[in-house]
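Take a look at the structure set out below.
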Amino acid sequence: MSHKHIDIDKVMSELTLEEKISLVGGKDFWCTRDIPRLGVPSAMMCDGPTGLRKSLNMDQVDSGSVPATCFPTAVVLASTWNRAMVEKVGKAIGKECRAENVSLLLAPGNNIKRSPLCGRNFEYYSEDPYAAGQLAGAYVKGVQSEGVGTSLKHYCANNQETNRFSVNEQIDERTLREIYLAAFESIVKEAQPWSIMACYNRVNNEYVVSSRHMLTDVLRGEFGFKGFVVSDWGAVDDRANALHAGMDLEMPSTYGVTDAQLKKRAGEGKLDLEQLDVCARRILEFVNRAAETLSRGAPKWDVDAHHGLAREAAAEGIVLLKNEHAVLPLHASKKIAVIGEFAEKPRYQGGGSSFVNATKASGALEELKKLVPTLQYAAGYATGATKHDEALRAKAVEVAAGCDAAVVFIGLSDADESEGFDRAHMRLPEHHNALVEAVAAANKHTVVVLTNASAVEMPWASKVQAIVEAYLPGQAGGLAVADVLMGKVNPSGKLSESFPKRLEDTSAYLSFPGTVTTTTYSDGVYVGYRCYDKRRMDVLFPFGHGLSYTTFEYSAPRVAKAAYVDNEAVHAEVTVTNTGKMAGSEVVQLYVRDVLSSIDRPAKELKGFEKVHLAPGESKTVKFTLDRRAFAYYDVARKDWVVEEGDFELLFGSSSRDVRGCAIFFLKSTSSPLPPIFTRNTLIGDICSYPPTASMSKKLRRDFSGTSMSPVFLHMFRTMESSFPIRMKVTLAQGEIDWEDVDEFLEECKELADLQVDTSSLL
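Anchor point for the sequence shown: position 294 equals 294 in UniProt numbering, and the numbering is continuous, going up by one each time.
Written out as structure tokens, the structure reads:
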């Protein structure tokens with residue numbers, strides 16, 4: 001294969017129509033089309049987010065794959081809240097891609113976790129768009145630092161597996177912008193992935209792969225995306241329409257079928273030939289970038305070193321949810337019972353396109369046996385079993401009863417959660433729950449270690465002393481779990497998703513996964529903690545929660561100035577002190593609250609976080625810089641982000657529900673008020689509250705001075721009056737006002753508005 005840089009202008013001038021068409025479609029399942037006569041090579045792309053999944057056969061998806069490091073899944077990487085660690089993992093994966101001549105990694109997945117039921121949540125980063133953008137963005141930077149591209153997916157709103165190939169996601173514009181697009185927008189602007197993968201689903205009645213609004217107007221025009229758009233595999237509904245929309249590469253190859261369709265459309269004058277040139281050029285630009293990296297040669301990588309990195313990342317992403325009476329860390333001198341076959345046969349990755357042929361795999365039991373000479377083990381259940389095994393459970397209880405502490409490994413199997421389907425509930429297997437209950441009754445020092453991809457119900461949570469969320473931690477996850485349990489690593493992971501008490505509490509409960517054809521996002525912007533906070537609802541474990549073996553104290557929260565203009569950077573800080581006896585890391589989270597908003601907004605929103613490592617007794621000042629966007633909401637009428645003038649609170653917390661400090665400041669807005677559209681149906685309240693026309697209130701408000709109206713009735717009428725359309729003045733004025741008076745009044749309002757603001761700039 002040639003790795004030479006090609007002259008794109010020269011090649012474009014010599015390409016035939018057929019060759020241009022071939023360039024914007026795949027060669028096989030994984031490669032772009034080569035054109036030997038012009039020296040254009042093909043470039044290879046492969047799954048996946050957790051590690052390289054390079055197929056042994058380029059024409060098949062399920063032919064097996066080369067050995068590669070299976071790093072922690074995205075849910076674990078997100079739980080580190082450590083951009084540097086995620087970037088380090090991305091860089092290692094990029095190196096493994098280079099070693100196999102892979103030029104584009106089909107990762108990361110960055111869809112929002114709208115519901116804990118989504119079968120693919122292990123591949124996604126967060127329920128919060130800021131956290132998702134920051135952490136998945138770090139992954140992109142890491143991979144691309146090796147000269148290997150990423151394909152950020154699945155753009156956008158691919159938030160369920162049920163009917164994902166065609167479901168129509170109905171999402172209002174504000175929600176789409178603030179939640180589902182925002183996670184992609186920040187990565188495009190800050191990391192510029194080489195590629196974006198367009199999803200299978202429709203958004204607001206239009207397949208995203210065929211939406212010029214989504215792919216060209218928004219992605220390129222607004223976000224500034226410079227790379228190429230590739231379809232999810234088989235997602236293209238109509239290739240000519242998709243091409244016109246800005247979908248540059250159809251994958252996989254249809255072996256000439258859709259090429260013939262495009263050629264036929266061209267012959268009929270129905271193909272956008274200028275857009276074909278644009279798309280073909282983008283593919284050639286990708287091929288050149290790939291060739292530049294390939295020309296440097298395939299590097300060697302250290303299997304053991306990457307396994308060690310996987311262990312380090314997994315340990316940092318493990319979340320200590322509960323630790324009563326400091327039962328953890330365990331002491332090697334004590335008699336420890338390990339219960340549950342997941343300890344021996346770990347489930348460490350998810351199923352589907354992200355599945356990696358791991359170079360090695362380590363279970364927690366094997367490592368714990370090395371560290372605890374007196375350890376006793378009982379399976380408790382058989383992996384994959386769906387029914388109770390009374391004999392296995394009885395043996396487990398017997399073992400647990402004779403030990404100082406019991407560690408129970410339970411969780412979900414690939415049959416419970418995977419790509420391809422969503423869960424129907426949040427429950428763990430009943431025989432796993434029963435095992436925990438029985439062991440906890442026999443040993444009060446019971447610890448539960450969870451293996452799962454997303455939030456689960458824990459009916460036994462109050463009966464155990466410690467809960468460790470290990471998620472799907474990659475091939476070295478067993479070692480990482482042992483490191484945390486034994487105190488070799490002080491846990492510092494935090495949840496990047498909320499754990500509700502029950503499924504019925506979730507924001508999407510009434511609309512997930514929707515009907516066969518449609519899912520309506522009736523929860524709006526209230527996804528995850530935004531929902532629970534707004535409803536003041538108790539959760540099992542809140543967003544951002546995670547304990548440590550040490551303790552941290554927050555002090556001196558402050559904002560640099562008492563007042564800012566919204567085009568200035570806002571500077572804030574808080575001091576954090578390790579008040580315990582063990583070195584540890586704390587994730588300082590910064591939430592923003594609009595103190596008094598005229599529109600419906602979340603109680604608070606994450607807009608910053610930093611992870612800080614502290615020795616015992618050490619203090620550090622953690623600083624944040626926030627831009628205008630941190631305080632803005634999306635105004636659908638303006639089609640822009642708007643800051644509402646007023647007081648804002650900065651909330652410094654250890655989790656979304658554990659706020660340790662607050663600073664308040666005044667923010668002056670540079671957003672000009674949007675004038676009402678002055679018609680007979682304009683509300684009186686809108687005219688009175690709009691500054692340029694507020695002076696007209698005397699003409700609008702009825703004068704009740706000198707009347708005998710009671711204060712209660714007056715209050716009622718004044719409140720209602722604001723919601724009257726101005727046409728009601730004719731009805732209620734007892735003949736004193738006619739339609740001509742109303743129209744003259746509206747013209748006067750328009751003149752006042754025109755004097756204050758150029759309305760054309762706001763439309």
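For every residue, glycine included, the Cβ atom is placed at its ideal position computed from N, Cα and C.
Pick from the options that is closest to residue i, judged by C-alpha positions
i	options	result
Ala694	Pro711, Val742, Phe652, Cys749	Cys749
Ile112	Tyr471, Val730, Phe122	Phe122
Lys620	Asp627, Glu573, Phe652, Glu457	Glu573
Ser65	Ile283, Gly352, Cys156, Leu309	Gly352
Ser42	Glu747, Ala290, Lys335	Ala290
Arg265	Arg282, Cys279, Arg239	Arg239
Asp538	Leu503, Pro725, Ser211	Leu503
Asp600	Leu651, Gln134, Arg530, Arg558	Arg530
Pro116	Lys369, Thr383, Arg423, Ala379	Arg423
Ile21	Arg281, Asp9, Arg220	Arg281
Tyr526	Thr517, Thr550, Thr506	Thr506
Val730	Phe724, Trp739, Ser723, Ser722	Trp739
Asp416	Ala438, Ser454, Leu392	Ser454
Met85	Tyr139, Val40, Tyr634, Asp128	Tyr139
Gly363	Leu375, Leu273, Phe342, Val236	Phe342
Val484	Arg311, Ser697, Asp272	Arg311
Leu294	Glu96, Lys488, Gly133	Glu96
Lys463	Tyr471, Val436, Thr451	Val436
Bounding residues of the beta strand (DSSP E) (the contiguous stretch that carries residue i)
i	result
Phe666	658–668
Asn578	570–578
Thr518	518–520
Pro557	552–559
Lys623	619–626
Arg282	Run containing Arg282: none in the beta strand (DSSP E); it sits in the alpha helix (DSSP H), 273–294.
Asp640	640–642
Ser585	584–594
Glu367	Element bounds for Glu367: not the beta strand (DSSP E) but the alpha helix (DSSP H), 364–371.
Lys463	Counting along the chain, Lys463 falls outside any beta strand (DSSP E), and DSSP gives it neither H nor E.
Phe184	Element bounds for Phe184: not the beta strand (DSSP E) but the alpha helix (DSSP H), 182–191.
CB of residue i within 7 Å of CB of residue j, strictly
i	j	result
Gly26	Pro193	no
Glu645	Gly478	no
Cys199	Val188	no
Gln465	Thr50	no
Lys54	Val89	no
Ala332	Val372	yes
Gly224	Phe421	no
Ala637	Leu683	no
Cys156	Leu181	yes
Ala476	Ala314	yes
Val319	Ser585	no
Ile93	Val143	yes
Thr579	Thr551	yes
Ala630	Val592	yes
Span of the alpha helix (DSSP H), counted from its first residue to its last, around residue i
i	result
Phe29	Premise fails: Phe29 is in no alpha helix (DSSP H) and is neither H nor E.
Ala310	303–317
Phe499	Per DSSP, Phe499 belongs to no alpha helix (DSSP H) and is neither H nor E.
Val397	390–401
Glu96	83–99
Leu479	477–485
Glu721	711–721
Ile684	684–689
Thr80	74–80
Cutoff 7 Å: residue i Cβ touching any chain B Cβ
i	result
Leu674	Absent from the structure is chain B; it holds one protein chain and no more.
Distance between beta carbons of residue j and residue i, contact taken as under 8 Å
i	j	result
Ala401	Asn443	6 Å
Val447	Val468	7 Å
Thr216	Gly256	Contact doesn't hold; Cβ gap of about 27 Å is too wide.
Leu276	Leu309	Wrong, their Cβ atoms sit about 43 Å apart, outside the cutoff.
Asp594	Phe648	6 Å
Asn110	Glu316	Not really, about 20 Å apart at Cβ, beyond 8 Å.
Leu330	Glu344	With a Cβ gap of about 18 Å, Leu330 and Glu344 do not count as contacting.
At least 3 beta-carbon pairs within less than 8 Å: the region 204–221 vs the region 167–180: yes
At least three beta-carbon pairs within less than 8 Å, the region 430–437 to the region 380–388: yes
The region 260–277 touching the region 316–330, judged by at least three CB pairs closer than 8 Å: no
Stretch-stretch touch, CB-based, cutoff 8 Å, three pairs: the region 546–560 with the region 647–658: yes
Three CB pairs or more closer than 8 Å across the region 332–344 and the region 407–418: yes
Three CB pairs or more closer than 8 Å across the region 484–504 and the region 373–380: no
At least three beta-carbon pairs within less than 8 Å, the region 209–216 to the region 161–168: no
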